[in-house]
Amino acid sequence: MIFEPLVAALITGGTQFLTGVQARWLGCGPASVQRIYFANHTSHMDFVLLWSVLPVRLRKRTRPVAASDYWERGAFRRYIIHRVFHGILVARGGSEPNQNPIAIMCQALDEGASLIIFPEGTRGPGDCVQPFKSGVFHLAQARPQVELVPVWIDNSYRVMPKGVVLPIPLLCSAAFGKPERLEIGEQKAAFLDRLRRSLVELGNA
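Just so you know, we're using the working numbering here: the sequence shown kicks off at 397 and counts up by one.
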């Protein structure tokens, strides 16, 4: 516990230095309320960028949801995701039949955490937002009181494209949009399409 805050500060400072990442609070402010931040996904740096631009008071209670098959590979990755970011690891594609990722995320919410999620489910090419998976709908159903805040992360796919080990210094930003919630009687397809559109529109703002 002595070293984790220092490691977190080094990662945050290094990310900010490398990318100059800035927060753009367009549809909401950095309020101390429980939120699910949902963002576009083009790089393994995405949650680090988003986490880094949050004020410290929000950063301490915000946990990224990440793919276990990537972050459980190697002692260093396991240390970073578990001890530094307190990440919530889920299996992609239902590869662990006994795991209920929605239940795991709901438990974290019930403990007071905010979450960072990527509803596309996998990294995209950067020039478009892929269709959303159904997980965010089930999460909104289970915890309708929690705000869903879209976050458009710009340029991260150029900083650390797929297959690249060392990041490339480039300017990035994270734009935070208007909070969304599941409407009464709203069906899954309509909800997922609405959330996706809110993210695309934010990217065009």
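Glycine is no exception: its CB is placed at the ideal position from the N, C-alpha and C atoms. Since this is a predicted model, take the numbers as computed values, not measurements.
Boundaries of the alpha helix (DSSP H) harbouring residue 464: 464-467, taken from the DSSP string. Non-local C-beta neighbours of residue 404 in its own chain, meaning closer than 7 Å and more than five positions away in sequence, comprise 480, ordered along the chain. The beta carbon of residue 447 lies closer than 8 Å to those of 408, 455, 458, 460, 481, 512 in the same chain, with the five residues before and after it left out. By the 16-neighbour rule on beta-carbons within 10 angstroms, residue 466 is exposed.
A Cβ-Cβ distance of about 13 Å is found for the pair residue 544 and residue 501, leaving them out of contact under the 8 Å criterion.
In the structure shown, residue 511 falls within a strand segment according to DSSP collapsed to helix, strand and coil. For residue 455, the enclosing alpha helix (DSSP H) covers residues 452-455. Under DSSP, residue 432 takes part in a beta bridge, and its partners are 511, 544. A contact between stretches requires three or more CB pairs, one per stretch, nearer than 8 Å, and the stretch 565-580 meets this requirement with the stretch 434-450. Here residue 580 is actually not in contact with residue 510; their C-beta atoms are around 24 Å apart, not less than 8 Å. Assigned with DSSP and collapsed to three states, residue 420 falls in strand. Between the alpha carbons of residue 515 and residue 595 lies a gap of roughly 11 Å.
Boundaries of the beta strand (DSSP E) harbouring residue 486: 484-486, taken from the DSSP string. Contact annotation, residue 584 with residue 530: C-beta distance approximately 6 Å; criterion of less than 8 Å satisfied. If you draw a straight line from the Cα of residue 577 to the Cα of residue 541, it comes to about 8 Å.
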